[in-house]
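For the sequence shown, the UniProt record's numbering gives the first residue as 1, with consecutive numbering after it. C-beta atoms are modelled at their ideal positions from N, C-alpha and C, and glycine is treated no differently. The next block holds one structure in the form of structure tokens; read it before the comments.
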Amino acid sequence: MADGASHDSEGYLDVRMSFGFNGQLHNYHLLAIPMQDRSHSGFNYSDLVLDVMKNVFDDSILNKLIGITSDGAATMLGCRQGFSTRIRLACEEVGGRGISINWCGSHQLNLLVDEFLAAFDEIAAFRSTLGSEITFTRKFDTVHSVVGKCPTYATTRWESIHHTCKFMAEKYEQLMECHEGKTYNKPSSTWWLCLFVLADLTKAIKNCFKKMQYQNVTKHAQYRALTELATTFQMQFEEDSDGTEPIVSRTKVSDFIKMASYSSEDMYNELPQAIQDQVVLGMVHAIARFIVGVKNLSIEVNYDDAPSPTILPAELPDLKPSAIRDLIRLHEERLKAAFGDTATTVIWTEYQHFLRRSKSDSAFKRLLDSSKRERFEGAWRQVDPERKYWHLIEFLAAFPAVSPGTHQVEGDFSDLKRIKGQHRSCLSNYAMKGQLQAKQYFALISLANDIGYQDAINEESTEDPDE
Numbered sequence: 001m002a003d004g005a006s007h008d009s010e011g012y013l014d015v016r017m018s019f020g021f022n023g024q025l026h027n028y029h030l031l032a033i034p035m036q037d038r039s040h041s042g043f044n045y046s047d048l049v050l051d052v053m054k055n056v057f058d059d060s061i062l063n064k065l066i067g068i069t070s071d072g073a074a075t076m077l078g079c080r081q082g083f084s085t086r087i088r089l090a091c092e093e094v095g096g097r098g099i100s101i102n103w104c105g106s107h108q109l110n111l112l113v114d115e116f117l118a119a120f121d122e123i124a125a126f127r128s129t130l131g132s133e134i135t136f137t138r139k140f141d142t143v144h145s146v147v148g149k150c151p152t153y154a155t156t157r158w159e160s161i162h163h164t165c166k167f168m169a170e171k172y173e174q175l176m177e178c179h180e181g182k183t184y185n186k187p188s189s190t191w192w193l194c195l196f197v198l199a200d201l202t203k204a205i206k207n208c209f210k211k212m213q214y215q216n217v218t219k220h221a222q223y224r225a226l227t228e229l230a231t232t233f234q235m236q237f238e239e240d241s242d243g244t245e246p247i248v249s250r251t252k253v254s255d256f257i258k259m260a261s262y263s264s265e266d267m268y269n270e271l272p273q274a275i276q277d278q279v280v281l282g283m284v285h286a287i288a289r290f291i292v293g294v295k296n297l298s299i300e301v302n303y304d305d306a307p308s309p310t311i312l313p314a315e316l317p318d319l320k321p322s323a324i325r326d327l328i329r330l331h332e333e334r335l336k337a338a339f340g341d342t343a344t345t346v347i348w349t350e351y352q353h354f355l356r357r358s359k360s361d362s363a364f365k366r367l368l369d370s371s372k373r374e375r376f377e378g379a380w381r382q383v384d385p386e387r388k389y390w391h392l393i394e395f396l397a398a399f400p401a402v403s404p405g406t407h408q409v410e411g412d413f414s415d416l417k418r419i420k421g422q423h424r425s426c427l428s429n430y431a432m433k434g435q436l437q438a439k440q441y442f443a444l445i446s447l448a449n450d451i452g453y454q455d456a457i458n459e460e461s462t463e464d465p466d467e
């Protein structure tokens, strides 16, 4: 995992590495590499990281690399000179295969939330008015004494807007009273309806971000969190239809608007019919696009020469066994890293059993046919509720050894902001590297002890018992 940033006007590339040991997934800061006079380009990023990896370890480390994770910037994911692409090519030059390139799931969800909020901007200039209201709570002492200071939000972390919307929704009556007698622009009823709705909906979004950003989260866990988010919206707003694509119900959206707060129904009913229709239709389109975006979000970036292992159960019997074998072979090192040395044998055995059952079991055939209407997780859950093909499903879906996000790199950036300065005189001012390494010191000591203990066991097991 890697990302570029600046600290004290010094550009640097923060690099972290994750690996499995003793059945646990570890993730540690490796190095903050100063950029000096180099530009922040994918070419320079990759050269610096490759140089560090070869000097700290040796060339064999590239054979062990199974995945690369970054944000979605062209510098990181560009198909020619992007950081991830160049690292993958360097691994392939020394025999490394099946390299997974991940586009941080949290970054992608953040982009979707930005688009979602932009739709509310079109309905009622939502974010600009929200910024004005935040200022209102801070500009006037009389307002501040009544409602307090409204929490701000970060435009790079849109889940933070939930706290702002929740605060405003709870203080609605006091804020409206504070507006009386002041020349400050008062928000419209349409804007307040948008705020009440978002105060509710952004709670689910905030919880999804939280589930996607805990330490050592797996790709499956991120997909599960995204599925739960999409399902939450679908259950609230979609209606049954004869078509293949779900439809967001206008009735359900209008009912949700009226139930969003104590004041919202009266506020909604007082609007002209044309404005009501405009608000509902705008929210219907925003919610529909958001659901589709979340359901289609893909963490793993697959280029033309890197086949995707995601295969639906109904498709599996139609594939040639040689294609599955080649796919397993392509990712063999990754499989062993995630599931152990017998991983390929176990997966192949489950695949053989699946094929035999698909040819001889009529009830199983019907399950396969009905699963064609489902997405990946739903299809496999329907076909294999008892999880007889657990290893096969895990292989086809994702490989948890590869980090699905860069949130821990972002955590390093936050740590570096906690240094001594004009307004933070009680904090330390020791070196940037010291700040990052001190955070993980005790975890590294524990890991070193575990490695030493395991090495001692391995040495004892190789001694001649007759000596």
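Provide the residue span of the beta strand (DSSP E) that contains residue i, from first to last.
i	result
N102	100 to 103
G67	67 to 70
If you count every other CB in all the chains shown that lies within 10 Å of the CB of residue i, and 16 or more means buried, which is it?
i	result
H162	buried
S446	exposed
S264	buried
P187	buried
T183	exposed
E177	exposed
V253	buried
Q352	exposed
F57	exposed
F395	buried
M168	buried
residue 555	Lying outside 1 to 467, the shown extent of the chain, residue 555 is not represented and no answer is given.
N449	exposed
Specify, as a first and last residue, the run of the alpha helix (DSSP H) that residue i falls within.
i	result
I328	321 to 330
G131	126 to 139
I257	250 to 259
S46	42 to 56
Q222	219 to 237
S358	343 to 360
M267	264 to 269
V294	273 to 296
V197	189 to 212
C165	161 to 170
S39	S39 -> no alpha helix (DSSP H), and no H or E assigned at all.
R86	83 to 93
L77	74 to 77
May I have the straight-line CA-CA distance separating residue i from residue j, to the nearest angstrom?
i	j	result
G72	V301	10 Å
H220	Y214	13 Å
A2	N110	18 Å
F354	I99	27 Å
N269	S370	44 Å
A90	K336	21 Å
N102	I87	13 Å
M53	L444	19 Å
K139	S132	10 Å
L392	T349	9 Å
G105	Y223	8 Å
A323	F233	38 Å
P400	R38	Low confidence applies here, because P400 scores a pLDDT of 40, under 50, leaving its location unreliable; read the following figure in that light. Taking the straight line joining both Cα atoms gives about 34 Å.
D466	I347	Only weak support is given to the placement of D466: the predicted model assigns it a pLDDT of 45, under 50, and the value that follows is read from those uncertain coordinates. Looking at the two C-alpha atoms, the distance is approximately 39 Å.
H365	I299	Before going further, note that residue 365 is Lys rather than His in the sequence given. Roughly 31 Å separates the two Cα atoms.
V294	K166	23 Å
L13	S6	8 Å
D277	R250	9 Å
G340	L330	16 Å
T406	S70	6 Å
T156	L77	19 Å
C150	I134	6 Å
G181	H144	16 Å
R373	L316	15 Å
L198	N296	22 Å
A343	E332	8 Å
Under 6 Å from any heavy atom of the ligand ZN, does the C-beta of residue i make it?
i	result
M235	Ligands in the displayed structure: none, and consequently the ligand ZN is not present.
Leaving out five residues before and five after residue i in sequence, what residues of the same chain have Cβ atoms less than 7 Å from its Cβ?
i	result
D121	R127
L368	P313, A314, S358, V383
V248	F237, E238, V284, I287, A288
With a threshold of 6 Å on Cβ separation, who are the neighbours of residue i within its own chain once the five nearest residues in sequence on each side are excluded?
i	result
D191	This sequence places Trp at residue 191; Asp is not what is there. Excluding positions up to five away in sequence, the list reads A124, T129.
Here's a check: name, in chain order, each residue in its chain whose Cβ is nearer than 8 Å to the Cβ of residue i, leaving out the five neighbours to either side.
i	result
K388	E350, H353
residue 554	This structure leaves residue 554 out entirely; the chain is present only between 1 and 467.
T49	The sequence shown places Val at residue 49, not Thr. Result list for V49: A2, L13, V15, I33, F83, I87, in chain order.
Q81	S41, G42, F43
G282	A119, F120, E122, I123
Three or more C-beta pairs under 8 Å: does that hold for the region 116 to 127 against the region 279 to 299? yes
When you compare the region 222 to 232 with the region 151 to 161, are there three or more beta-carbon pairs, one atom per stretch, that lie closer than 8 Å? no
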